[in-house]
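Let me begin by presenting the structure, written as structure tokens, before commenting on it.
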Amino acid sequence: MTTASRIAFASLLALACGAAACSTEVVVVGDPSSPGAPGAVPGLGGVPGLPASPPPKVSIAEVAVFQGVKVSVFAEGERVAERNAPLIAGRPALLRVYVAPLDGFQAGKFAGELTLKGPDGKVTTLRDVRTLTAKSTDAVATSTLNFELPPEALALGTTFSVSVTDDGSTNQEPARYPAGTAVDDLELKASNVLKVVVVPVRFDADSSRRLPDVSEAQLAVYRRTMMALYPATDVTVTARAPYAWSNTIAPNGQGWDTVLNAMVSLRRDDRADSETYYYGVFNPSASFGSFCSRGCVTGLSGLVNRPADAFLRASVGLGFTGVESANTMAHEIGHAHGREHAPCGGASGADRSFPHRGGGIGSWGYDILSKKLISPTTGKDMMGYCDPAWVSDYTFSALYDRILAVSGAQEASAQRSTAGGGGSYRIVSFDGDGEAKTSDVMHLDDEPEGAPQQVEYLGESSRVMARATAHVYRYDHLPGGIVVAPEKAGDVRALRVAGFTRSLTFANLRVR
341 MTTASRIAFA SLLALACGAA ACSTEVVVVG DPSSPGAPGA VPGLGGVPGL
391 PASPPPKVSI AEVAVFQGVK VSVFAEGERV AERNAPLIAG RPALLRVYVA
441 PLDGFQAGKF AGELTLKGPD GKVTTLRDVR TLTAKSTDAV ATSTLNFELP
491 PEALALGTTF SVSVTDDGST NQEPARYPAG TAVDDLELKA SNVLKVVVVP
541 VRFDADSSRR LPDVSEAQLA VYRRTMMALY PATDVTVTAR APYAWSNTIA
591 PNGQGWDTVL NAMVSLRRDD RADSETYYYG VFNPSASFGS FCSRGCVTGL
641 SGLVNRPADA FLRASVGLGF TGVESANTMA HEIGHAHGRE HAPCGGASGA
691 DRSFPHRGGG IGSWGYDILS KKLISPTTGK DMMGYCDPAW VSDYTFSALY
741 DRILAVSGAQ EASAQRSTAG GGGSYRIVSF DGDGEAKTSD VMHLDDEPEG
791 APQQVEYLGE SSRVMARATA HVYRYDHLPG GIVVAPEKAG DVRALRVAGF
841 TRSLTFANLR VR
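So the sequence shown is numbered by this note's numbering: it starts at 341 and just counts up by one.
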């Protein structure tokens, strides 16, 4: 069960100049390969007959890129071979250059220069000049040389180099990474657009016909939240026409599974493409406070462990105005991306492989939209129940893997459909007592990939009519889930699933 303040944006430090003197200059040039070309960075000093250039007064201790989480590309004197998270092509970023004082260091202005070369040969040079007084740290934004990188500067195959010198020095040897005239590959990875359709569920159970907030302003809040937390190149959030609902949706979880499965069926009926996530929102009470005064469920999703199961890309949550509803969306759609709970706040079914103690975020976080840092000493992973919540490097990496896999699954599904694969499946939802709640029949392009279980098809007087392999998917916040079994001909009344304490009788259930 989630809490009212389960997920909130945690921001510690704005990456602004503040009181420190700083400036930024951007220069875009052509191909610098020929000597003397504009934008070329010639070696400084070492000219025959002239004194040797003074050594640099700082060294480059670290270079890190932030697109949601900190990813070091150079640290402790060497290139980082195994990164904690991917860097995404076409996604905004902050690159920070960390310096360490050397002999002769004095506080003063230092100039950093970042050179990016795209796959088309175009070179972009950025400069940051600011006053540095000590060794750079993560927590002090103004202690590093900072470069804001727009999406268009981060194409696949982009290389980079950085240098630091005293501002205004004409002959000092700069600190460089890589050394000399070498460049390093950012190793950017291709991602995709995350597509979300918000379904405004009209709540008719109390005759109020109450609708959630799907105004342009609230949709912008949803989009902003998802863009900040998910490793996508962009996020689209659109609202569908309202969907009428006359059943109970209670704070204790009653009715949540039913409306979730209605969204699964609606997604099918709308013929949504395999990459689109449906998210049903509703206001079962006039305000969040009145609904959740004694604690409440705020969202529900199936745990979709495999990217091929596109038919289950549906989740639900409260739809009141504000960022809390957007934070719930990020959490629930995380489950639809196969993410289990982070171990914080008593979340059930916690991911046993989660690497960070107490459900923490592991590395420094960074909001690419508000341009604020999130400390790993206080930030908690958004898949847990603790505040302040952000996204860990572990979850960021896993979300990227799923986004990439979904794109591949879509292509594979299209190939299977062309080849004539697929079939009809009976989908039966069940509650914590093992009682069947809803039933539907859905055509799927290929066999589901949930947890396999043997199932018997029961007819009149519980006579076994057939046997097959079914697939079971559990809910995230409530007991229960759904069983997906191949549809069989004949008067099938119930399913007897191995490991279940009772049969799932669906003969008299309303088909959704």
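All C-beta atoms in this analysis are idealised placements derived from N, C-alpha and C, irrespective of residue type, glycine included. Just so you know, these numbers come straight off a predicted model, no measurement behind them.
{"Query": "Nonlocal neighbours in the same chain, by C-beta distance under 8 Å from Val795, ignoring five residues either side", "Result": "Arg807, Ala808, Thr809, Ala810, Val823, Ala825, Leu835, Arg836, Val837, Ala838"}
{"Query": "For Leu857, the nearest candidate out of Asp553, Asp506, Ser693, Asn486 (CA to CA)", "Result": "Within the shown structure, residues of the chain are numbered from 341 to 852, placing residue 857 beyond reach of any answer."}
{"Query": "According to DSSP, residues forming a beta bridge with His783", "Result": "Ser764"}
{"Query": "Sequence-distant residues of the same chain with beta carbon closer than 6 Å to Gly760, five excluded per side", "Result": "Note on Gly760: pLDDT 45, under 50, position unreliable in the model; the coordinate value appears next. Excluding positions up to five away in sequence, the list is empty."}
{"Query": "Residue from Arg419, Pro683, Glu418 with nearest C-alpha to Asp727", "Result": "Pro683"}
{"Query": "Residues that Asn601 bridges to, as DSSP identifies them", "Result": "DSSP output for Asn601 lists no bridge partner at all."}
{"Query": "Residue interval of the alpha helix (DSSP H) (run including Tyr562)", "Result": "556 to 569"}
{"Query": "CB contact flag (Gly593, Leu818, <8 Å)", "Result": "yes"}
{"Query": "6 Å CB neighbourhood of Ala654 in its chain, flanking five on each side removed", "Result": "Met603, Val604, Arg607, Tyr618"}
{"Query": "Met566 and Val536 closer than 8 Å at C-beta", "Result": "yes"}
{"Query": "Alpha helix (DSSP H) segment containing Ser630, residue limits", "Result": "628 to 631"}
{"Query": "Supposed contact pair Leu427 and Lys529 - C-beta distance, whole angstroms, cut 8 Å", "Result": "6 Å"}
{"Query": "Which of helix, strand or coil DSSP assigns to Met669", "Result": "helix"}
{"Query": "Host beta strand (DSSP E) of His811 (start-end)", "Result": "804 to 814"}
{"Query": "Inter-residue CB distance, Glu409 and Ser703 (contact presumed, cutoff 8 Å)", "Result": "As written in the sequence, residue 409 is Val, which differs from the Glu given in the question. That belief holds up - the Cβ atoms of Val409 and Ser703 are roughly 5 Å apart, short of 8 Å."}
{"Query": "For Pro395 and Gly724, the rounded distance between their alpha carbons", "Result": "49 Å"}
{"Query": "Boundaries of the beta strand (DSSP E) in which Trp704 is found, first to last residue", "Result": "From DSSP, Trp704 is part of no beta strand (DSSP E); its letter is neither H nor E."}
{"Query": "6 Å CB neighbourhood of Ser363 in its chain, flanking five on each side removed", "Result": "The predicted position of Ser363 is uncertain, since its pLDDT is 46 and thus under 50; no value can be drawn from it."}
{"Query": "The segment 582 to 602 / the segment 541 to 551 touching (three or more Cβ pairs under 8 Å)", "Result": "yes"}
{"Query": "DSSP state of Arg679 mapped onto helix, strand, coil", "Result": "coil"}
{"Query": "Per DSSP, the bridge partner or partners of Gln794", "Result": "Thr809"}
{"Query": "Whole-number beta carbon distance between Gln558 and Thr668, since they are thought to touch under 8 Å", "Result": "Not quite, the Cβ-Cβ distance comes to about 13 Å (not below 8 Å), so this is no contact."}
{"Query": "Status (buried if at least 16 other CB within 10 Å, exposed otherwise) for Gln446", "Result": "exposed"}
{"Query": "Bridge partner(s) assigned by DSSP for Arg436", "Result": "Ala404, Asn486"}
{"Query": "Reference Pro491, options Ala572, Gln793, Asp610, closest by Cα", "Result": "Ala572"}
{"Query": "Length of the line joining the Cα atoms of Ser627 and Ser531", "Result": "38 Å"}
{"Query": "The segment 631 to 651 touching the segment 670 to 679, judged by at least three CB pairs closer than 8 Å", "Result": "yes"}
{"Query": "Per DSSP, cross-strand counterpart(s) of Val411", "Result": "Val405"}
{"Query": "The segment 704 to 721 contacting the segment 761 to 776, beta-carbon criterion three pairs below 8 Å", "Result": "no"}
{"Query": "Length of the line joining the Cα atoms of His696 and Glu422", "Result": "17 Å"}
{"Query": "Beta-carbon proximity of Ala738 to Arg679, cut-off 8 Å", "Result": "yes"}
{"Query": "Neighbourhood of His677 by C-beta, 6 Å cutoff - its chain only, sequence neighbours within 5 removed", "Result": "Leu739, Arg742"}
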